[in-house]
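A quick write-up on the structure given underneath.
2 protein chains.
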Amino acid sequence: MRIGELAERTATSPRLLRYYEEQGLIRVDRSANGYRDYDEALVDQVAHIRGLLDAGLSTRIIRQILPCLNEPSEIHFADATPDIIATLEGHRDRLAERIALLTRNHDAIAEYVGSLKQCALGVERAVPA
Amino acid sequence: MRIGELAERTATSPRLLRYYEEQGLIRVDRSANGYRDYDEALVDQVAHIRGLLDAGLSTRIIRQILPCLNEPSEIHFADATPDIIATLEGHRDRLAERIALLTRNHDAIAEYVGSLKQCALGVERAVPA
DNA sequence: TTTGACCCTCACATCCGTGTGAAGGTTCGA
DNA sequence: TCGAACCTTCACACGGATGTGAGGGTCAAA
Numbered sequence: 116m117r118i119g120e121l122a123e124r125t126a127t128s129p130r131l132l133r134y135y136e137e138q139g140l141i142r143v144d145r146s147a148n149g150y151r152d153y154d155e156a157l158v159d160q161v162a163h164i165r166g167l168l169d170a171g172l173s174t175r176i177i178r179q180i181l182p183c184l185n186e187p188s189e190i191h192f193a194d195a196t197p198d199i200i201a202t203l204e205g206h207r208d209r210l211a212e213r214i215a216l217l218t219r220n221h222d223a224i225a226e227y228v229g230s231l232k233q234c235a236l237g238v239e240r241a242v243p244a
Numbered sequence: 116m117r118i119g120e121l122a123e124r125t126a127t128s129p130r131l132l133r134y135y136e137e138q139g140l141i142r143v144d145r146s147a148n149g150y151r152d153y154d155e156a157l158v159d160q161v162a163h164i165r166g167l168l169d170a171g172l173s174t175r176i177i178r179q180i181l182p183c184l185n186e187p188s189e190i191h192f193a194d195a196t197p198d199i200i201a202t203l204e205g206h207r208d209r210l211a212e213r214i215a216l217l218t219r220n221h222d223a224i225a226e227y228v229g230s231l232k233q234c235a236l237g238v239e240r241a242v243p244a
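Protein sequence lines, in the order shown, are assigned to chains L and V.
Take any residue in the first sequence, note its place counting from 1, add 115, and you have its number in the numbering used here.
Take any residue in the second sequence, note its place counting from 1, add 115, and you have its number in the numbering used here.
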């Protein structure tokens, strides 16, 4: 499909799709006329990338961890060098930290919202101003 | 305490502490000479803010959810308007989505790294080139 | 054949969190 | 009293993700 359709289907902009390509996040074919020609699978991939960006990861990091996340999950044996493994372990651990932090904040907000709703109910019943 | 000390204790920079103040994230007193005078509690608060920023939240959002996160957790009853509650629920839910997404990715990376290490071991044993 | 909707590249602009430096005031110890 | 180390404000700069516009090509339908 062409860039306009993919942009619409992923709720992004053509500009961003070109940017992700430039950053090495997606691979894109070209038609004879020079237009970008996107594979159907890119719809999911772009959604995935957007999620990761939205979660605060940089394109640099996403580029590094993306190979692990391909669905067929074919292991690239050549990648099993110690420093690549170390890099991935680092990303894995920092992801865990980030998750823990987000979880703490999520829980705090949830608790606060709970109290607030409780309180709103109480006010509604007790102080019918 | 003064800005230098707080910067050091929170591993930030004076510049950022001024910025957080400017963004309405922290409240800061002034000494007679015009110097900022930070309360002890700011150490934790700034750490908290840094965590949220690091987790990908913007100062605008942080400003909104910060009141819920104060340690004494004194509920601001006046805040219990339906739209504020809705906003908070929105943040809470989007946080939950992010956590789910990051968790999936964390697990995928962990699994991939596991396979990679396994594979590295195998190669080491099987192909002592 | 022309028009309109799409695509291309290039490049400058914006926002946000952050760094940095200038120009100057305060405090404190030598 | 001088200098070092701290503080102030102001303002410009930068990198990353994104918007926008100029100048131009492609293609299909009228």
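Glycine residues also receive a C-beta, built at the ideal position from the N, C-alpha and C atoms.
Just the chain L side, please: which residues come within less than 8 Å of residue i by C-beta, in chain order?
i	result
Thr218(V)	Ile214
Ala170(V)	Gly171, Arg213, Leu216, Leu217 and Asn220
Leu210(V)	Leu217, Asn220, His221 and Ile224
Does the Cβ-Cβ distance between residue i and residue j come in under 8 Å?
i	j	result
Ala156(V)	Thr125(V)	no
Ile214(V)	Ile164(L)	no
Tyr150(L)	Met116(L)	no
Thr174(V)	Leu203(V)	no
Leu231(L)	Ile200(V)	yes
Gly171(L)	Gly205(V)	no
Cys234(V)	Ala147(L)	no
Please name the residue, chosen from the options, that lies closest to residue i on a Cα-to-Cα basis.
i	options	result
Cys183(L)	Cys234(V), Thr196(V) and Tyr227(V)	Tyr227(V)
Leu167(V)	Ala225(V), Ala147(V), Leu210(V) and Leu217(V)	Leu210(V)
Leu181(V)	Arg142(V), Cys234(V) and Asp208(V)	Arg142(V)
Glu212(V)	Glu136(L), Glu120(L), Glu212(L) and Asp169(L)	Asp169(L)
Using a Cβ cut-off of 9 Å, pull out every chain V residue sitting near residue i, in sequence order please.
i	result
Glu140(L)	The sequence shown places Leu at residue 140(L), not Glu. Those within 9 Å of Leu140(L) in chain V number zero; the least Cβ separation is about 14 Å.
In chain order, what residues of the same chain lie with their CB nearer than 6 Å to the CB of residue i, ignoring the 5 residues before and after it?
i	result
Asp198(L)	none
Asp159(V)	none
Ala225(V)	none
Glu136(L)	Val143
Glu120(L)	none
For residue i, I'd like the list of residues in its chain whose CB is within less than 7 Å of its CB, leaving aside the five on either flank, ordered along the chain.
i	result
Gln138(V)	Thr174 and Arg178
Ala244(L)	For Ala244(L), the predicted model reports a pLDDT of 47, less than 50, meaning its position is unreliable; a value from the coordinates is still stated below. None.
Ala128(V)	The sequence as given places Ser at residue 128(V); Ala does not occur at that position. Closer than 7 Å at Cβ, skipping near neighbours: Ala122.
Arg145(L)	Arg151 and Asp152
Asn185(L)	none
Strictly below 9 Å CB to CB, what residues from chain L border residue i?
i	result
Ile200(V)	Val228, Leu231, Lys232 and Ala235
Show which residues of chain L have a CB atom less than 7 Å away from the CB atom of residue i.
i	result
Ile180(V)	Ile224
Gly166(V)	Leu216
I'd like the list of long-range same chain contacts for residue i, defined as Cβ closer than 8 Å, with 5 residues on each side in sequence excluded.
i	result
Leu216(L)	none
Ile118(L)	Pro129, Leu132, Arg133, Tyr150, Arg151 and Tyr153
Arg207(L)	none
Gly229(V)	none
For residue i, go through chain V and note every residue whose CB falls closer than 7 Å to its CB, in chain order.
i	result
Arg207(L)	His221, Ile224, Ala225 and Val228
Leu250(L)	With chain L running from 116 to 244 in the structure shown, residue 250(L) is simply not present.
What does residue i reach in chain V if we use C-beta pairs closer than 8 Å?
i	result
Leu131(L)	Ordered by position in chain V, no residue passes the 8 Å Cβ test against Leu131(L), which lies about 17 Å from the chain.
Leu203(L)	Ile224, Tyr227, Val228 and Leu231
Decide yes or no for the touch test of the segment 217-233 of chain L against the segment 125-132 of chain V: beta carbon pairs closer than 8 Å, at least 3 of them. Taking a contact to require three or more Cβ pairs closer than 8 Å, the segment 217-233 of chain L and the segment 125-132 of chain V do not qualify as touching.
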